[in-house]
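Beneath this line is the structure, given in structure tokens, with notes to follow.
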Amino acid sequence: MTVNHSEERKSPTRKHTALPKAQILIEALPWLTRHNGKTVVIKFGGNAMVNEDLKAAFAQDVVFLRQAGIKPVVVHGGGPQISAALDKHGIVSEFKAGLRVTTEDAMDVVRMVLAGQVQRELVGLLNQHGPLAVGLTGEDAHTITATKHQPEIDGELVDIGRVGEITAIDTGAIEALLADGRIPVVSSIARSQDDGHVYNVNADTAAAALAAALGAETLMVLTDVEGLYEDWPNSDEVISRLTASQLEKLLPELSSGMVPKMEGCLHAVRNGVNTARVIDGRVQHSILLEIFTDEGIGTMVVPDATDQGDAV
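Structure (structure tokens):
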């Protein structure tokens, strides 16, 4: 039998352009396995809250987590939007001890902006990908209860109006939504424990309290810096990992804007949350980069007991 070599089938050389994507997915596998079925609380804030592209990327990240078998809970404030609305209403924005002074009139605006504007927009972005997100405030189902907070400045307690200090968390409504496959989006407003009012609570603090109460695997706090710097402003080297005790020693040296974020991380890991992370919300898909890659991109805080452990 004569073989016509010209007719032999020749396998063409194929360029597997999708191979890098497959490698990325494989790198994510251990993290997908570790976090499957776990709750992740994400504090949405900073530049990610006002930049349209970053907002869209944030929504994609959160939906990806949900579709990957993780249970995301989003907590948000709304500093820039609140300031803009107060200006429009002719109400002066004032801050004391790093907290917004919230008068009766200002509280009405805060409530309107958080529950009626920021939350609605975020729920809408998430729901472009399916009937997933449900918005609620800390008032709903007694999710967050607070009492009046009076910070101490120069040794004296200062009245800053309707700013609350969290006294109790009821996770029932959030857990019911998670069990139904939904993504809860929580505005940082609290019901009063004792006087029938509502309170404006710091969103970093609220996210940390919810993460602890839910027994979350991870708390993630989006901010406008790369993480916690080693020696700011002398160095822009980011601390990639530190323990609760190490963080506690650093707290007095931190800038006022970082204090509630890092105090929240400290509270979370000392109350059952395995890791707390501060990440740069200015980077698109920063949530996925932090959770699903070997390098990570922010600062991770772990409990003292896991200093030599395997928290990732």
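Numbering of the sequence shown is given in our numbering, commencing with residue 3 and proceeding in unit increments. C-beta: ideal position from N, C-alpha, C; glycine also.
Rounded to whole angstroms, what's the CA-CA distance from residue i to residue j? Just pull it up for me.
i: A313; j: G217; result: Reliability of the predicted coordinates at A313 is poor, the pLDDT of 47 falling under 50, and no value is obtained from them.
i: A170; j: A211; result: 9 Å
i: V115; j: T19; result: 46 Å
i: V76; j: N273; result: 19 Å
i: P133; j: K23; result: 28 Å
i: L256; j: L21; result: 43 Å
i: D110; j: L128; result: 26 Å
i: K40; j: G71; result: 8 Å
i: L79; j: V203; result: Leu is not the amino acid found at residue 79; the sequence shown has Gly there. If you take the alpha carbons of G79 and V203, they lie about 9 Å apart.
i: A209; j: G198; result: 23 Å
i: P74; j: A30; result: 17 Å
i: I26; j: C267; result: 28 Å
i: V240; j: A86; result: 32 Å
i: D306; j: D107; result: 44 Å
i: T220; j: Q195; result: 28 Å
i: I168; j: R102; result: 16 Å
i: V136; j: V43; result: 15 Å
i: P186; j: H151; result: 26 Å
i: K90; j: I84; result: 10 Å
i: T105; j: A214; result: 30 Å
i: Y231; j: L244; result: 12 Å
i: A246; j: K263; result: 13 Å
i: I162; j: L180; result: 35 Å
i: V304; j: V275; result: 9 Å
i: R68; j: H131; result: 11 Å
i: I146; j: K45; result: 15 Å
i: V125; j: A59; result: 14 Å
i: R164; j: R36; result: 40 Å
i: W33; j: E292; result: 10 Å
i: Q310; j: A278; result: Confidence in Q310 is poor, its pLDDT being 41 and thus under 50, which makes the residue's placement unreliable; the coordinate value appears in the next sentence. Answer to the nearest angstrom: the Cα atoms are 16 Å apart.
i: D142; j: T295; result: 36 Å
i: V271; j: G92; result: 41 Å
i: A178; j: M302; result: 29 Å
i: K98; j: G259; result: 12 Å
i: I176; j: H144; result: 11 Å
i: I299; j: D238; result: 14 Å
i: H269; j: E96; result: 27 Å
i: T149; j: Y201; result: 8 Å
i: N50; j: G183; result: Per the sequence presented here, residue 50 reads as Ala, with Asn not at that position. In a straight line, the C-alpha of A50 is about 25 Å away from that of G183.
At what residues does the beta strand (DSSP E) containing residue i begin and finish?
i: A135; result: 135-139
i: T207; result: Taken as a continuous stretch (DSSP letters only), T207 belongs to no beta strand (DSSP E), being part of the alpha helix (DSSP H) at 205-216.
i: I72; result: It is not in any beta strand (DSSP E) - I72 carries neither H nor E in the DSSP assignment.
i: R122; result: Here R122 belongs to no beta strand (DSSP E); instead the alpha helix (DSSP H) covers 121-128.
i: A192; result: 191-194
i: T41; result: 41-46
i: V52; result: No beta strand (DSSP E) contains V52, which DSSP labels as neither H nor E.
Please confirm whether residue i has its beta-carbon closer than 8 Å to some beta-carbon of chain B.
i: G140; result: Structure shown: chain B not included; a single protein chain is present.
Which residues does DSSP pair with residue i in a beta bridge?
i: R284; result: Per DSSP, none; premise fails for R284.
i: R102; result: F97
i: H91; result: According to DSSP, H91 bridges with nothing at all.
i: M302; result: R243, R279
i: H78; result: F46, S189
i: V200; result: R193
Taking residue i as part of the alpha helix (DSSP H), name the residues at either end of that continuous run.
i: L224; result: Not the alpha helix (DSSP H): L224 falls in the beta strand (DSSP E), residues 220-225.
i: M264; result: 261-271
i: R184; result: Note, R184: premise wrong, no alpha helix (DSSP H); not H, not E.
i: T353; result: As displayed, the chain neither begins before 3 nor continues past 314, which places residue 353 out of reach and without an answer.
- Item | Uninterrupted beta strand (DSSP E) stretches inside the region 147-182 (no shorter than 3 residues) | 166-171
Between the region 218-226 and the region 62-70, do at least 3 Cβ pairs fall closer than 8 Å?
Contact between the region 218-226 and the region 62-70 is absent, because fewer than three Cβ pairs lie under 8 Å.
Sufficient close CB pairs (3 or more, under 8 Å) joining the region 189-207 to the region 242-253: no
Checklist entry - Are three or more beta carbon pairs between the region 119-129 and the region 156-163 nearer than 8 Å? => result no
(request) Report yes or no: do the region 40-58 and the region 278-291 share at least 3 C-beta pairs separated by less than 8 Å? (result) yes
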